[in-house]
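Data first, discussion second: the structure below is written as structure tokens.
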Amino acid sequence: MNQKGKSTQCIHSGNPEKDSYTGLVTPVYPATAFTYLEVEDYVYPRYFNTPNQRVVSQKLAALEKGEEGMVFSSGMAAVVTVLFAFLKKGDHAIFQNDLYGGTHSAVAHELERFGIGFDFVDSLDPLEFEKAIKPNTRLVFIETPSNPLLRIMDIQAIAKVAASHGLVSVIDSSFASPVNQNPIDLGIDVVIHSGTKYLGGHSDLSCGAVITTEKLMEKLRTTAIHFGGNLDARACALLERSLKTLALRVERQNENAQAVAEFLESHTRIDAVHYPGLASHPQHALAKSQMHGFGGMLSFEVQGDVEAFVKGLKLVAPAMSLGGVESTVTSPVQTSHARISAEERARMGIRDNLLRLSVGVEDVEDLLEDLGQALES
Ligand SMILES: *Cc1c(COP(=O)(O)O)cnc(C)c1O
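Here our numbering is used: the first residue of the sequence shown is 80, the next is one more, and so on.
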């Protein structure tokens, strides 16, 4: 299936040819007990090998151009399972500082008591990552585009640094989705998604995914079975259905976000717009070279009363999370970055008037009108 286009893959890859009773849709197999006679492997939800888990994992592997996929009950279940699968006592790992808050917090609060050392690299320069490598470093973890400033890491350069030092390279690619970015093609070993975002795409599903090689998956599976972050059959089926429209949704979100970013950039009440699709983005060329589309996420700094602006929006909902078909807006200072001190936020470049927008699939004229009227009022 790998030579087919993304939309075709979204629909047709990973489909079970047998056992579908001639239906075009995978049946839901809620069974948690499977007969063990005449099978090679015991089938069990926490072994990540039930029919619905297998089908949706295959679809994700095809979309990310990896050998194998695995689905988890949340993005964080995927993140911590990867960390504990590839790190042990005495090891050291390197993380991009600009990480999803939950990942940053998990690293800062969980690794040390297991005897795992770590460093956060406060730079997007691959050379700074290389400088942080110690004799016991085993893993490097990046996230691009980053939250909330949409900074871009050079995926290929980081993968090269990791490979030349024998490290496992891991990327959280949630913001891009497999439609806009395929890190395995750029040399990355392990791709993680918070499926709660674009993969699910309808703000009604919590899940995570990991895509990697057969060899690394073998190691990951053992840890995953111990940690038990498996996804339920019905959630797998819902994820599979959502993935069929992933390319359609994301392509529309890319177009809408580009138009919204250009509109905001030209508006007098906006101080700054952070979107990799804008020529003014400092890493626009890098984004263009490693992404197939610039995504549906952007952030901007609004002049005047930020809260009044948010309250003035009629279509765009102030809501946590992202990646859904509906446009949503959040204030990082009030939500994801609320627990970070004002000085630290200033150092990170996150101003009090920054808003993060997750652009949905609405008609773009309606989005522009809504943003425009809230800015004028
Ligand atoms: C939301 C998110 C996560 C965590 O996913 P959950 O499904 O909430 O556990 C990880 N990384 C990024 C980039 C996210 O946006």
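In this text, a Cβ means the ideal position worked out from N, Cα and C, and glycines have one as well.
Cβ pair residue i, residue j closer than 9 Å
i, j, result
"I271", "I304", "no"
"F163", "N309", "no"
"I212", "I221", "no"
"R153", "T275", "One point to set straight first is that residue 153 is Ser, not Arg, in the sequence displayed. Yes, these two residues count as a Cβ contact at 9 Å."
"F199", "N215", "no"
"K218", "L246", "Note that residue 218 is Leu in the sequence shown, not Lys. Yes, the Cβ-Cβ distance between L218 and L246 is below 9 Å."
"L166", "Q88", "no"
Three-state secondary structure assigned by DSSP to residue i
i, result
"M427", "helix"
"M80", "Low local confidence applies: a pLDDT of 49 at M80 is under 50, so the model's placement there is unreliable, with the coordinate-based value given in what follows. Note: M80 maps to coil in three-state DSSP."
"N226", "coil"
"N128", "coil"
"E334", "helix"
"N35", "In the structure as shown, the chain starts at 80 and stops at 456, and residue 35 therefore has no counterpart that could be examined."
"L265", "helix"
"A157", "helix"
"L162", "helix"
"E209", "helix"
"H371", "coil"
Any non-hydrogen atom of ligand 1 within 8 Å of residue i CB
i, result
"Y179", "yes"
"N184", "Before going further, note that residue 184 is Ser rather than Asn in the sequence given. S184 Cβ: outside cutoff for every heavy atom of ligand 1."
"M155", "yes"
"G439", "no"
"F373", "no"
"G274", "yes"
"G93", "no"
"S253", "yes"
"C315", "no"
"E191", "no"
"N259", "no"
"E143", "no"
"V35", "Residue 35 cannot be examined here, being either before or after the span of the chain that is shown, 80 to 456."
"S282", "no"
Closest Cα partner of residue i within the set the options
i, options, result
"L433", "A241, H416, L447, I221", "H416"
"K138", "Q452, L318, Q362, A396", "L318"
"N226", "E441, V440, T414", "T414"
"A108", "A314, S273, R230", "Just to set this straight, residue 108 is Tyr in the shown sequence, not Ala. Among A314, S273, R230, the Cα nearest to that of Y108 belongs to A314."
"A70", "M370, E441, F373, S456", "No information on residue 70 is available, as it lies outside the stretch 80 to 456 that the chain covers here."
"G402", "C286, S420, L365, G451", "C286"
"R133", "E143, G181, V150, P397", "V150"
"A312", "L325, S248, E297, P130", "P130"
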